[in-house]
Amino acid sequence: MSKTNSIYVPMNTLLKIILTISLILIASTIALAQPGLPNPPNQAPIDGGLGLLAAAGGAYAIKKLRRSSGD
241 MSKTNSIYVP MNTLLKIILT ISLILIASTI ALAQPGLPNP PNQAPIDGGL
291 GLLAAAGGAY AIKKLRRSSG D
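If you're matching positions, the sequence shown starts at 241 in the numbering used here and goes up one per residue.
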């Protein structure tokens, strides 16, 4: 019987291949791990300038509506 069709890999080489593949997989999962979420941002209060802009926009809309209904 000849072993021309079978692939013979020594046990030492097979262990090295398995160890190398496992180390690569472990290292890649550690390298690609996502860090934890940062603290949520501080919430800015909606007052002051934004309130004035909303009031000015409302006043402008009322002025336009009165002007267009007067024609």
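By construction, the Cβ of each residue, glycine as well, lies at the ideal position given by its N, Cα and C atoms.
Every value quoted in this text rests on a predicted model; they were computed, and no experiment measured them.
Task: Where Y300 falls: helix, strand or coil (DSSP) - done: Within the sequence shown, numbered from 1, the residue matching residue 300 stands at position 60. In the structure shown, Y300 sits in a helix (DSSP, three-state: H, G or I).
Task: Proximity to G288 [Cα-Cα], best of A296, L265 and A271 - done: Residue numbering aside, residue 288 sits at position 48 when the sequence shown is read from its first letter. Taking only the C-alpha atoms, the option nearest G288 is A296.
TODO: Taking only the alpha-carbon atoms, compute the straight-line gap between L255 and A271 and give it to the nearest angstrom.
DONE: Taking the sequence shown and counting its residues from 1, the one referred to as residue 255 is at position 15. Taking the sequence shown and counting its residues from 1, the one referred to as residue 271 is at position 31. Cα to Cα, the separation comes out at about 24 Å.
- [ ] With I247 as the anchor, note down where its alpha helix (DSSP H) starts and where it stops.
- [x] By one-based count along the sequence shown, residue 247 stands at place 7. Counting along the chain, I247 falls outside any alpha helix (DSSP H), and DSSP gives it neither H nor E.
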